[in-house]
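> Going line by line, the protein sequences match chains A, B, C and D. Those letters in the first sequence? Residues 12 to 336, per the numbering used here, in order. Those letters in the second sequence? Residues 749 to 1099, per the numbering used here, in order. Those letters in the third sequence? Residues 749 to 1099, per the numbering used here, in order. Those letters in the fourth sequence? Residues 148 to 656, per the numbering used here, in order. For each residue, glycine too, the CB sits at the ideal point set by N, CA and C. Keep in mind that this is a model prediction, so the values were computed, not measured. One structure follows; several queries about it will come next.
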Amino acid sequence: AADAGEAPAPSDDDSAAPAPTEETLQVAFISFAVANTYDEPMLAEIERVAAENNIEITVFDGNLDPNLQVTLVQDVIASGQYDGLITQPVFGPALVDITRQAIDAGLTVVNVDQILGDDFTTGATQVEGLAANVVFVPSEIGTKFGEQAVEACASQDLDPCNVAFLHDVKASAIGVALYDAFNAVVEGTPVQIVAEGETFYNPAAAQTAVADILTANADIDLIATSDQGLQGAVQAIEAAGRGLDEFLMIGYGGSAWGKERVSEGVVYSNVVQAPATEGRLAMEAMVDALRNGNNQGDIDPFADFPNNGVMTRDTADQFTGEWVG
Amino acid sequence: MSIETPEKTAPAPPRAPRSGGAGEQDALRAFLRRVPWRSVAIVVPFLAVFVALSIGSPAFLSAQNIGNVLDRQSGILIIAAAATLVLIAGGIDLSVGATYMFTAVVCGTIIVRVGGETGAALGIIVGILAGLVIGLINGIISTYLKINPLIATLAMSFIILGATKLVSQFGKEGVGQIRVDVPEFRWLALLKPLGVSLPTWIAFIVLIVLGVVLWRTTFGRYVYAAGGNAEAARLAGIRVNVVRIATFAIAGTAAGLAGVIDLARTPSVPENDAIATTLTFTVLAGIVVGGTSILGGAGAVWRTVLGILFIAMLYNGFTLLRIDPLFQGIALGVIILVAVGFDAWSRTRRR
Amino acid sequence: MSIETPEKTAPAPPRAPRSGGAGEQDALRAFLRRVPWRSVAIVVPFLAVFVALSIGSPAFLSAQNIGNVLDRQSGILIIAAAATLVLIAGGIDLSVGATYMFTAVVCGTIIVRVGGETGAALGIIVGILAGLVIGLINGIISTYLKINPLIATLAMSFIILGATKLVSQFGKEGVGQIRVDVPEFRWLALLKPLGVSLPTWIAFIVLIVLGVVLWRTTFGRYVYAAGGNAEAARLAGIRVNVVRIATFAIAGTAAGLAGVIDLARTPSVPENDAIATTLTFTVLAGIVVGGTSILGGAGAVWRTVLGILFIAMLYNGFTLLRIDPLFQGIALGVIILVAVGFDAWSRTRRR
Amino acid sequence: MPHTAIADTPQLRVELRGVGKSFGGTPVLRDIDLVLEPGSVHALVGENGAGKSTLSKIISGLYTADRGQLVVDGEREHFTSPREALDRGIATIAQELALVPELTVAENVFLGREPRTAGWIDRKKLKREFLEVAARSGFDLDPDQVVGGMRTADQQKVEILRALARGASLIIMDEPTAALARHDAELLHDVVRQLAASGRTVLLISHFLGEVLALADTVTILRDGRHIRTAPAADETEATLIEGMLGRTLSSIFPDKPVVADDAPEVLRVSDLVAPGVNGVSLSVKAGEIVGLAGLVGAGRSEIAHAIYGSVPRASGIVAIDGANCPADIPRTLKKGIFLISESRKEQGLVLGRPIRDNVTLSNMGQIASGGWVRTGDERRASRGLLDRVTVAGDDRRDVSALSGGNQQKVLFGRALQKVRKLLIADEPTRGVDVGSRRAIYDLIVQQAEQGIGVLVISSDVEEVLGLAHRVLVVRGGRIVAELEGDAMTEENIITAAFADPITTGGAA
Ligand SMILES: Nc1ncnc2c1ncn2[C@@H]1O[C@H](COP(=O)(O)OP(=O)(O)OP(=O)(O)O)[C@@H](O)[C@H]1O
Ligand SMILES: Nc1ncnc2c1ncn2[C@@H]1O[C@H](COP(=O)(O)OP(=O)(O)OP(=O)(O)O)[C@@H](O)[C@H]1O
Ligand SMILES: [Mg+2]
Ligand SMILES: [Mg+2]
């Protein structure tokens, strides 16, 4: 059974010292989706930091629906009960306007994890007035991912190296940005995408897709997809009676599951994402802004990660595995 | 609130399996029979929740909050009102969500590619027309080609969503998204005549028009007739297929209009099939909770408005009352069961 | 393939709006009349696609691929076969997806919490029973409480999804996800008696049993009668409500069984309402494409099997033929329209 | 605009030349020649399934003929929809009610022809014109009542008014009086005479030969889709019509009444039964006795039947079979030996869309199944046997909706025969049934009584009650207001009791 990724210990003392005597502040968190393993550690960190700073968090479930998120922010503004707002957009462009309204209405807004805006290639703030912006950049993940694909193929001198690439959702903004960046890197290398599928962030769907891909293509060398996708891929390979060692696999997500597979050597490498770190940084920035009026602006959650944020077999133990996978 | 859409003169009574015959009844009984119990039935839980929320949350009754709820529901209300016509005429349209998304993408792409006021105007017109065309196709395949409308519009929604993805490739500049944050277009969502948002006004007008059309025009009668007894309608000389196609066309156009309006509100298009599916689902849920039958022949626009706003009000209330999201689904389900159960119970009582 | 579920003796023809007594007709004509055109109708596109894929992709007909398709469809087939009974009896169950997810979570939670063989056994039993209980509740509120089954099961699915989230809190150790990768449980998915996966065997047996129940038992007759004409059935001495509740209970149990099987296949539960909704949608699409009417009274399990496998085969084919995901939706929609259109056309021809 | 003024309706001469029509390869009409003269009442008679409705549907544009021509006023017409026929002045009262349940009476009457101004319905005018049409027919209907909840007879009147409101030149009436009580049927007869007098044509399809002879100028007989003859009504008698329709003679419509032994035990005793529409009914039926329930439409006869059968909850009172109390629960009443053949075979009897075989065995699956498992061999034999008894020929795996009305009624009867019963309730057993089949059904009822089964027959056809029953109970307002036996059993007595002013008899309140 998978062990839960422990929340990383607060890396250092908080920039804003807790002052219990201060009044309790209210912060709304518009989540991506509440019942989601990726979001849980983020939420846990946000709540932990909030509790330490006499702040009450109210969580709203975006349930993967951008329109619903807009609705929720409207309601948060209208209720007039909140001092701060943390957004984790399902779809960045959709939230831009309403976030501006929230800022105009006097709320302190921090954006976490997902791009808030329409440019998925930059971690820079795209909405003026945000107190902080703590996001991963899909195209950066894609670039690192592409580099890992090239490295993995080179490690076995494969030329050409036939890759099955599983999008999470092919037509999604993140998907497009990530895939484009991946392609830009692998262009002109032995890496060749010979099969594509979609996981919809669901191991079962990935299992189906990979099973079909393996049936149709006898010569897959490398499977590239998210951690959820890899879980399905492993199931599909085992179900097909094939050996896991017949395939190179690279993943992104940095889950505990992914970390374990990397250290076992089943997965070649894993590009890390860090929901817990993001949650902690975002809430700390929120505290700083609410209590001290400090806007921290752009924060790179991967700044402190080793090995450029990529787990390999050698470096795996330097990572936490911030979510379960 | 725009729930004062006129009521149908004669409320549709349930088709009793056939029951105790009242031989002759006096005037009072005749009157009591005509009291629209069924209407009252869904109005009661609606009002109950409305009052409860007004008391429970001071923010609920604020102009801002009510304005928000109506503004954000405007697109759904427009679609749902039109889809009500489709249901009453004996059809069903599962493609409204996909059409909504498609027209938004088409409109957005044109605005991005053409630009300026021309782009905005063209985008609005072509977006709405795209909805109309899809509606016509839905109508034709589900009448003349005799494909069950359920499957016809389901298959159409796969096709439309696929087409949406293809079109959206043209609307992007590089890796970005279709974003239409241009004033030439966004006035559509940002104007607030008399303090009420333009989308709300548009929805209000569309609802009134559709409600009245259904209630007071020959076309409205034909819609009821086509769904209530298609054979009878045909014998009476009504072109049932034409009537049905017209309702599909209205629904498609409504979805187009809603897509354009919501694009102006948002102002970008998420590419996500689930949103289309959820929208279709929400629309049908609202219609059915309001009391329109999916079997056709009975229902009204005002019912749909009540049904949609009932659900929207509940979600709004959950947020205002800070109810844990983990419990919201349960609360929603239970309240709907109670409301509809009350409706069903009051209908049984009628006899 | 498990499509050889026995065929209904006399295929239900479309309900002609009106007909009279057949005088006398000669034997050949009588025979031609009896050829199950409607069945042929959906079988033809199924076979056409099957043959086309066999030719187009060498991998398609491989034992491995067919095995894969059947294995992964086993859960859906089980649910769809049971949901077919609900539809035939005149109901509809929109909660099967939610029930499926709920039972998987319940089963997984018990396995994680209790552990070992006891945990696995208990998980399986309680999971399936949970499905049964939900089915009973669905049945009771949509019959005795007279709430339209569409709304009743829709509201129930909100409640069940809410409950799923609550239960899953207990299934996790700390922050995480329910994962049940334990051999005491996974044998359910991994065993391959005679080279065919256990889930496929289970589905095969369930389909045969439900098909035969519908075809050859008094209960099956009552199911058709309850959906075909509830009042006539009631007057003929059939306890229509009990029959309907039984179909809901069967559907709930089937969803429970499928949830447990798929948990063993996966072996973790994604917590995502959209998956539940998509499942319900896929099930209904398959049933309707197969030709079972949502109005009740007509249909068959083998039709549903064909409908579900038709769609699954298309998706499988898209991957094997490396069709760009962007075009898959369009292709799927068009093929369904053609298949069902052919069906409709052949039915018109019959007269 | 609906033309309600009779004067400006043009006369129409409709002619069929060599018309043929088949369904699924089965010929239903063969080479029919027919002329409908303007200003006449032309009756069409024939057995169930003879093709009468099909013929009328070809004229009204619902079907198109496979062969032959339709000639209207000398022009060849090829209607492809009822709309075109309506535009040409041909309106139809369909055999199966074709009303929109959710619309009101007035809306249904003017459906497709609403008085309007630019798409808006002129509601005042609608009502005014409705009242005009209603007055002309003598039917008393509330224009604002929703049609769905109305009783069949009233719906039939709406249907009739609709045809009148079209101001058509040719009105086809397909069994318009099948569901009407005598009083309303007579009103319709007046209307038909008025129409003919004003120069319009009426094509009347009816199984009531008396009605046909009284109203029609010309009668056409169809048999098995063939034109047998067309002759002036004055030249026909009931006997000649029957002979033409059936191809054989029928000495008498009613079989001899079986003898009831004086000491025959009581099978049914009902005491002070109160239920919806039933206001305190007591009655009894002896073994082998046929008891008739007469009364006006809506008097509550069907309600009494349902209360006895247990298909509606009873407020109070006792129903006893062979002295044993019988609860209001259908499966249990069935077990006790009561069986109800309900009045509407389409809504309450048959499961359309299912095979004839399934329909015949539906009530008594236990007999052909062990442990819930249907023994198909037994089922086939049982079904065949029953269908033979009720003389329904042909493959019993066909959809029951493929049968003609009379044969459908016999299928329901077959269901009742599957098991030996104690009491059979037959509610309007011959509605819409041709003379030949009607005799077959009477024979079955009498056979049942001869076997010692008590029979309760409900019928709006007074002759039928008199011809079958040993004893007649007259129902009004959910009560039994008269019991007639022996010489007292006369049409006049029944009608008097059914109409009698409540105050003078003190029966109803
Ligand atoms: N709107 C209504 N609500 C309740 N009962 C009704 C309604 N309309 C009709 N009924 C009852 O349904 C019964 C069936 O109607 P139908 O026209 O078949 O009468 P009937 O069977 O000929 O008359 P009887 O009751 O004497 O047998 C009627 O007895 C009537 O009282
Ligand atoms: N739509 C149809 N499809 C197939 N067969 C039909 C259809 N309509 C009628 N028939 C057949 O045509 C024949 C004549 O039917 P029709 O309805 O014209 O009889 P009818 O003379 O009106 O009988 P009834 O007196 O029972 O009304 C019957 O054998 C009937 O089964
Ligand atoms: Mg007829
Ligand atoms: Mg009656």
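1. To the nearest angstrom, how far is it from the Cα of Y49 (chain A) to the Cα of W334 (chain A)?
2. Listed in chain order, which residues of the segment 516-528 of chain D have Cβ atoms closer than 8 Å to some Cβ of chain C?
3. So what does DSSP say about P576 (chain D), is it helix, strand or coil?
4. Taking only beta carbons into account, state which residues of the segment 1079-1092 of chain C come closer than 7 Å to chain F, listed in chain order.
5. Cβ of Q242 (chain D) within 7 Å of any heavy atom in ligand 3?
6. Rounded to the nearest angstrom, what separates I114 (chain A) and W1050 (chain C) at their Cα positions?
7. Say the cut is 7 Å; is the CB of T201 (chain D) nearer than that to a heavy atom of ligand 2?
8. Is there at least one Cβ from chain C nearer than 8 Å to I965 (chain B)'s Cβ?
9. So, does the CB of K940 (chain B) fall closer than 8 Å to a CB anywhere in chain A?
10. State the DSSP-derived secondary structure class of R164 (chain D), mapped to helix, strand or coil.
11. Below 9 Å on C-beta distance, what does E494 (chain D) contact in chain C?
12. Starting from T857 (chain B), trace the beta strand (DSSP E) both ways and give me its first and last residue.
13. Does any heavy atom of ligand 3 sit closer than 7 Å to the C-beta of D371 (chain D)?
14. Given the structure, does S1016 (chain B) come close to ligand 2, in the sense that its CB is under 7 Å from one of the ligand's heavy atoms?
15. How many angstroms separate the CA atom of I234 (chain A) from the CA atom of N173 (chain A)?
16. Could you tell me if A811 (chain B) is buried or exposed, where buried requires 16 or more neighbouring beta carbons within 10 angstroms of its beta carbon?
17. Closer than 8 Å, CB to CB, is I907 (chain B) near chain A or not?
18. Could you confirm whether any beta carbon from chain A is found closer than 8 Å to the beta carbon of K894 (chain B)?
19. Give the single residue among B:V792, B:F794, B:L898, B:L1062 whose Cα lies nearest to the Cα of N813 (chain B).
20. With which residues is D546 (chain D) paired in a DSSP beta bridge?
21. Report the residue from D:A238, D:G172, D:K168 whose alpha carbon sits nearest the alpha carbon of V161 (chain D).
22. What does N1020 (chain B) touch in chain A if you count any residue whose Cβ is under 9 Å from its own?
23. Does W1093 (chain B) pass the burial test, meaning 16 or more other C-beta atoms within 10 Å, or should it be called exposed?
24. Less than 8 Å separating the beta-carbons of L202 (chain D) and P185 (chain D)?
25. Are there three or more Cβ pairs, one per stretch, closer than 8 Å when the segment 857-868 of chain C is compared with the segment 1034-1041 of chain C?
26. Counting only beta-carbon atoms, is R347 (chain D) nearer than 8 Å to chain B?
27. Tell me which same chain residues have a C-beta within less than 7 Å of the C-beta of A997 (chain C), skipping the five on either side of it?
28. Could you pull out every residue in the same chain whose Cβ sits closer than 7 Å to the Cβ of T1001 (chain C), ignoring the five residues on either side in sequence?
29. Can you tell me which of A:D299, A:Y263, A:Q246 puts its alpha carbon nearest to the alpha carbon of L255 (chain A)?
30. Look at the alpha carbon of E257 (chain A) and the alpha carbon of A251 (chain A), and state the distance between them as a whole number of angstroms.
31. Going straight from the alpha carbon of R461 (chain D) to that of V421 (chain D), what length do you get?
32. Give every residue of the same chain whose Cβ lies closer than 6 Å to the Cβ of A868 (chain B), excluding the five residues on either side of it in the sequence, and list them in chain order.
33. Are the C-beta atoms of R992 (chain C) and some chain D residue less than 8 Å apart?
34. Between L83 (chain A) and chain B, is there a C-beta pair that is closer than 8 Å?
35. For T1014 (chain C), which three-state DSSP category applies?
36. Does the distance between the C-beta of D581 (chain D) and the nearest non-hydrogen atom of ligand 3 fall short of 7 Å?
According to the data block:
1. Taking the first residue of the first sequence as 1, we reach residue 49 (chain A) at position 38. Taking the first residue of the first sequence as 1, we reach residue 334 (chain A) at position 323. Spanning the two alpha carbons is a distance of roughly 6 Å.
2. A516, G519, W520, V521, T523
3. Taking the first residue of the fourth sequence as position 1, residue 576 (chain D) is located at position 429. Three-state result, P576 (chain D): coil.
4. The structure shown contains no chain F; the protein chains it does contain are A, B, C and D.
5. Here residue 242 (chain D) refers to the residue found at position 95 when the fourth sequence is read from its first residue. It does: the Cβ of Q242 (chain D) is within 7 Å (strictly closer) of some heavy atom of ligand 3.
6. What you label residue 114 (chain A) is simply residue 103 of the first sequence in a count that begins at 1. What you label residue 1050 (chain C) is simply residue 302 of the third sequence in a count that begins at 1. Roughly 59 Å separates the two Cα atoms.
7. If you number the fourth sequence from 1, residue 201 (chain D) lands on position 54. For ligand 2, at least one heavy atom lies less than 7 Å from the Cβ of T201 (chain D).
8. By 1-based counting over the second sequence, the position of residue 965 (chain B) is 217. According to the sequence provided, residue 965 (chain B) is Thr. The question's Ile does not apply to it. Not closer than 8 Å to any Cβ of chain C, the Cβ of T965 (chain B) fails to qualify, so no.
9. Against the second sequence, residue 940 (chain B) aligns to sequence position 192. It does not: the Cβ of K940 (chain B) has no partner Cβ on chain A nearer than 8 Å.
10. Against the fourth sequence, residue 164 (chain D) aligns to sequence position 17. Assigned with DSSP and collapsed to three states, R164 (chain D) falls in strand.
11. One-based indexing of the fourth sequence puts residue 494 (chain D) at position 347. Within 9 Å Cβ-Cβ: N977, E979, A980.
12. Along the second sequence, one-based indexing puts residue 857 (chain B) at 109. Segment 844-862 is the alpha helix (DSSP H) holding T857 (chain B); no beta strand (DSSP E) there.
13. The count along the fourth sequence starts at 1 and reaches residue 371 (chain D) at position 224. D371 (chain D): no, Cβ never under 7 Å from ligand 3.
14. Translated into the one-based positions of the second sequence, residue 1016 (chain B) becomes position 268. Every heavy atom of ligand 2 is 7 Å or more from the Cβ of S1016 (chain B), so no.
15. If you number the first sequence from 1, residue 234 (chain A) lands on position 223. If you number the first sequence from 1, residue 173 (chain A) lands on position 162. About 9 Å.
16. On the second sequence, residue 811 (chain B) is found 63 positions in, with the first residue counted as 1. Exposed.
17. Against the second sequence, residue 907 (chain B) aligns to sequence position 159. Answer no: the Cβ-Cβ gap between I907 (chain B) and chain A never drops below 8 Å.
18. Counting from one through the second sequence, the residue named residue 894 (chain B) turns up at place 146. For K894 (chain B), the answer is no, since every Cβ of chain A falls outside 8 Å of its Cβ.
19. Counting from 1 along the second sequence, the entry for residue 813 (chain B) is found at position 65. Here the closest residue by C-alpha is B:L1062.
20. Your numbering for residue 546 (chain D) matches position 399 in the fourth sequence. Within the DSSP bridge table, the entry for D546 (chain D) names D:P502 as partners.
21. To locate residue 161 (chain D), count along the fourth sequence from 1; it is residue 14. In terms of CA proximity to V161 (chain D), D:A238 leads the group D:A238, D:G172, D:K168.
22. As a first step, residue 1020 (chain B) is located in the second sequence; it is residue number 272 there, counting from the start. In chain order: L75, D76, P77, V101, F102, V180, A182, S183.
23. Position 345 of the second sequence, counted from the start, is the residue given in the question as residue 1093 (chain B). Label assigned to W1093 (chain B): exposed.
24. Along the fourth sequence, one-based indexing puts residue 202 (chain D) at 55. Along the fourth sequence, one-based indexing puts residue 185 (chain D) at 38. Cβ atoms of L202 (chain D) and P185 (chain D): not closer than 8 Å.
25. no
26. By one-based count along the fourth sequence, residue 347 (chain D) stands at place 200. It does not; no Cβ of chain B falls within 8 Å.
27. One-based indexing of the third sequence puts residue 997 (chain C) at position 249. Apart from the 5 residues on each side of it in sequence, A997 (chain C) sits with its Cβ closer than 7 Å to the Cβ of L880, G883, L884, G887 in its chain, given in chain order.
28. Locating residue 1001 (chain C) in the third sequence gives position 253, where the first residue counts as 1. If we look at T1001 (chain C) and ignore the five residues flanking it on each side, its Cβ neighbours are I876, G879, L880, G883.
29. Looking up residue 255 (chain A) in the first sequence gives position 244. L255 (chain A) has its Cα closest to that of A:Q246, out of A:D299, A:Y263, A:Q246.
30. Here the question's residue 257 (chain A) lines up with position 246 in the first sequence. Here the question's residue 251 (chain A) lines up with position 240 in the first sequence. Taking the straight line joining both Cα atoms gives about 12 Å.
31. The sequence position of residue 461 (chain D) within the fourth sequence is 314, counting from 1. The sequence position of residue 421 (chain D) within the fourth sequence is 274, counting from 1. Taking the straight line joining both Cα atoms gives about 6 Å.
32. Your numbering for residue 868 (chain B) matches position 120 in the second sequence. Hits under 6 Å: I859, E932, F933.
33. Locating residue 992 (chain C) in the third sequence gives position 244, where the first residue counts as 1. False, the Cβ-Cβ gap to chain D never drops below 8 Å.
34. Numbered from its first residue, the first sequence carries residue 83 (chain A) at position 72. When Cβ-Cβ separations below 8 Å define contact, L83 (chain A) makes contact with chain B.
35. Reading the third sequence from its first residue, position 266 is the one you call residue 1014 (chain C). T1014 (chain C): coil per DSSP, three-state reduction.
36. As a first step, residue 581 (chain D) must be located in the fourth sequence, where it is residue number 434. No, Cβ of D581 (chain D) sits at least 7 Å from all heavy atoms of ligand 3.
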